[in-house]
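Structure first, commentary second.
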Amino acid sequence: SAAFAPLSVTAGGRPSLTSLDYSVGIVGATGAVGKEIRQCLETRDKLPVDQLRIFGSSRSAGSTVDTKYGKVEVELFSEDAARECDVVFLAVDGDFALKHAKNICEGDGAVVIDNSSAFRYEKDVPLVVPEINGKETKKSKLIANPNCTTAIGLMALWPLIKKFGVKRVIMSTYQASSGAGQPGMDELKEGTKAYLEGKEPTNDIFAYPLPFNVIPQIDKFQENGYTKEEMKVTWETRKICDLPEDTPISCSAVRIPTIRAHSEVIILETTDKVDVQAAREVLAEAPGVKLVDDPDNLKYPMPLTATGQYDVEVGRIRKSIAFGDNGLEFFVSGDQLLRGAALNAVLVAEEMDSNGSLKAKQVA
Numbered sequence: 157s158a159a160f161a162p163l164s165v166t167a168g169g170r171p172s173l174t175s176l177d178y179s180v181g182i183v184g185a186t187g188a189v190g191k192e193i194r195q196c197l198e199t200r201d202k203l204p205v206d207q208l209r210i211f212g213s214s215r216s217a218g219s220t221v222d223t224k225y226g227k228v229e230v231e232l233f234s235e236d237a238a239r240e241c242d243v244v245f246l247a248v249d250g251d252f253a254l255k256h257a258k259n260i261c262e263g264d265g266a267v268v269i270d271n272s273s274a275f276r277y278e279k280d281v282p283l284v285v286p287e288i289n290g291k292e293t294k295k296s297k298l299i300a301n302p303n304c305t306t307a308i309g310l311m312a313l314w315p316l317i318k319k320f321g322v323k324r325v326i327m328s329t330y331q332a333s334s335g336a337g338q339p340g341m342d343e344l345k346e347g348t349k350a351y352l353e354g355k356e357p358t359n360d361i362f363a364y365p366l367p368f369n370v371i372p373q374i375d376k377f378q379e380n381g382y383t384k385e386e387m388k389v390t391w392e393t394r395k396i397c398d399l400p401e402d403t404p405i406s407c408s409a410v411r412i413p414t415i416r417a418h419s420e421v422i423i424l425e426t427t428d429k430v431d432v433q434a435a436r437e438v439l440a441e442a443p444g445v446k447l448v449d450d451p452d453n454l455k456y457p458m459p460l461t462a463t464g465q466y467d468v469e470v471g472r473i474r475k476s477i478a479f480g481d482n483g484l485e486f487f488v489s490g491d492q493l494l495r496g497a498a499l500n501a502v503l504v505a506e507e508m509d510s511n512g513s514l515k516a517k518q519v520a
């Protein structure tokens with residue numbers, strides 16, 4: 157049972173596609189992604205929240221968090237308490253998710269939206285970007301959130317695949333320190349300060365000091381020479397877009413010394429001949445995408461402008477010299493704590509509210 161009864165407040169005045177408001181839980185709400193999930197719930201104001209419950213460790217239990225829904229006291233996490241919610245966001249590591257996620261959603265438990273990699277590759281667990289495969293949320297009470305790099309890239313890639321088809325995808329990424337959470341951002345800031353003071357930066361989070369450096373390794377190396385981060389893009393793109401398992405998708409992932417927002421160069425070889433203006437039009441109309449493609453006026457995607465934004469910026473759109481009439485090359489920047497994590501998770505819950513797969517247990 158819960159360590160104590162949480163504060164319950166009704167958030168009125170928002171339209172709902174259901175007749176009931178929800179009890180919403182966040183596990184890991186004090187981390188970088190957890191904070192953004194709460195803020196997305198508050199600022200989007202589309203998921204009808206009756207009760208917000210925040211679960212933490214013994215260190216944070218008993219503290220209070222100011223929210224749009226009132227002051228919420230942090231509860232000591234327990235599966236029983238989490239199961240009382242209608243939907244639970246897991247912003248924790250994969251080991252925690254593997255231990256608890258299925259127990260939380262079993263039977264009459266809560267819908268669980270997991271931000272870790274624990275269940276992404278399980279056949280029976282939907283891996284969802286709502287604008288692409290939101291209907292998959294009807295199949296399970298446990299939903300996996302994709303890797304941040306994959307989610308950002310697919311916002312631009314999927315509309316083009318639908319328009320022109322796909323033969324292969326080649327991606328190079330430029331990933332911010334926040335991909336390693338708050339500790340990653342802190343290490344970059346502290347290391348940069350040390351460097352500018354003439355001291356030697358230290359590194360605990362990254363393989364090498366990140367300030368004024370780039371590191372061509374994210375996650376562990378695999379037998380094929382790729383890192384796990386790079387293979388996540390391959391595996392997850394195929395699953396989310398329902399592509400054949402032999403679709404060639406190759407990624408090189410690099411950590412760079414920026415705070416937020418990942419960037420990616422994506423080269424798409426298509427089955428149909430490409431039309432650059434048609435590609436721009438498709439992307440201009442795509443949900444979750446902001447077309448920033450005006451080279452004459454030096455307008456293109458950057459972490460500087462993508463940080464804090466819900467939409468993924470896409471620009472530098474051109475026909476690929478490598479693949480000619482069947483190739484497009486473009487650049488994207490997106491806030492990986494938002495589209496790559498928290499925002500996508502909240503959009504999943506909104507989709508489940510909309511399609512009826514998220515149900516409130518009792519009248520608010």
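In the numbering used here, the protein residues as written are 157 to 520.
Cβ atoms here follow ideal geometry from the backbone N, Cα and C, with glycine treated the same way.
| query | Going along the chain, which residues of its own chain have a beta-carbon closer than 6 Å to the beta-carbon of Val-267, five neighbours each way excluded? | reply | Val-243, Lys-297 and Leu-514.
| said: On the DSSP letters alone, give me the boundaries of the beta strand (DSSP E) that Gly-181 sits inside. | reply: If you look at Gly-181, you'll find it in the beta strand (DSSP E) that goes 178–183.
| Three-state secondary structure (DSSP) of Ile-396 | In the structure shown, Ile-396 adopts helical secondary structure according to DSSP, grouped into three states.
| message | I'd like the span of the beta strand (DSSP E) that includes Ser-419, first residue to last. | response | Ser-419 -> beta strand (DSSP E) spans 418–425.
| field | beta strand (DSSP E) segment containing Lys-227, residue limits | value | Looking at the DSSP string, the run of the beta strand (DSSP E) that includes Lys-227 is 226–229.
| said: Using a 10 Å radius around the Cβ and a threshold of 16 neighbouring Cβ atoms, would you call Val-445 buried or exposed? | reply: It counts as buried.
| message | DSSP three-state label for Tyr-456, please. | response | If DSSP states are grouped into helix, strand and coil, Tyr-456 belongs with coil.
| query | Could you give the C-beta distance for Ala-188 and Val-221, rounded to a whole number, given that I count them as a contact under 8 Å? | reply | In this structure Ala-188 does not touch Val-221 by the C-beta definition: roughly 15 Å separates them, more than the 8 Å allowed.
| Distance, Ile-182 Cα to Thr-293 Cα | So the alpha carbons of these two residues sit roughly 19 Å apart.
| Of the choices Pro-367, Ile-405, Val-488 and Tyr-364, whose alpha-carbon is the least far from that of Thr-426? | The shortest CA-to-CA distance from Thr-426 to any of Pro-367, Ile-405, Val-488 and Tyr-364 is the one to Ile-405.
| query | Of all the options Gly-190, Arg-394, Pro-413 and Leu-197, which has the alpha carbon lying nearest to the alpha carbon of Glu-506? | reply | That would be Leu-197, whose Cα lies nearest to the Cα of Glu-506.
| Residues of its chain near His-256, where Cβ-Cβ distance is below 7 Å and the 5 sequence neighbours each way are ignored | Exclusion of the five residues before and after His-256 leaves Glu-235 as the residues of its chain whose Cβ lies within less than 7 Å of its Cβ.
| message | Spatial neighbours of Ser-216 within its chain, please: C-beta separation below 7 Å, excluding the five flanking residues on both sides. | response | Closer than 7 Å at Cβ, skipping near neighbours: Thr-186 and Val-230.
| request: Name the two residues that bound the continuous beta strand (DSSP E) containing Leu-484. | output: Residues 483–490.
| If you measure from the CB of Val-267, is any heavy atom of the ligand FMN nearer than 6 Å? | Among the ligands in the structure shown, none appear at all, so the ligand FMN cannot be discussed.
| query | Opposite Tyr-330 in the DSSP bridges: which residues? | reply | In the DSSP output, where bridge partners are listed per residue, Tyr-330 has Val-410 and Ser-419.
| Quick one, which of Phe-362, Gly-512, Tyr-178 and Phe-479 has its alpha-carbon nearest Asp-428's? | Between Asp-428 and the set Phe-362, Gly-512, Tyr-178 and Phe-479, the nearest pair of CA atoms involves Phe-479.
| field | Beta-carbon separation (whole angstroms), Ile-544 vs Phe-486, contact threshold 8 Å | value | Absent from the structure is residue 544, since the part of the chain shown begins at 157 and ends at 520.
| field | At least three beta-carbon pairs within less than 8 Å, the region 457–469 to the region 431–447 | value | Touching, yes, given that three or more Cβ pairs across the two stretches are closer than 8 Å.
| field | Three-state secondary structure (DSSP) of Glu-379 | value | In the structure shown, Glu-379 sits in coil (DSSP, three-state: anything other than H, G, I, E or B).
| request: Quick one: residues in its chain with C-beta nearer than 7 Å to the C-beta of Lys-395, no 5 flanking neighbours on either side, listed in chain order? | output: So the list reads Leu-283, once near-sequence residues are dropped.
| query | Taking the DSSP output, what are the residues bridged to Gln-207? | reply | Answer is Ser-179.
| field | Beta-carbon spacing of Tyr-277, Ser-419 below 7 Å | value | With respect to Ser-419, Tyr-277 sits apart: the two C-beta atoms are not nearer than 7 Å.
| field | Close beta carbons around Met-458, own chain, < 6 Å, minus the five adjacent residues each side | value | Answer for Met-458: Ser-489, listed in chain order.
| field | C-alpha distance - Arg-324 paired with Lys-355, whole-angstrom precision | value | Rounded to the nearest whole angstrom, the CA to CA distance from Arg-324 to Lys-355 is 45 Å.
| said: Quick check: the Cα distance between Leu-176 and Gly-483, rounded to an integer number of angstroms? | reply: Distance between the alpha carbons of Leu-176 and Gly-483 is about 48 Å.
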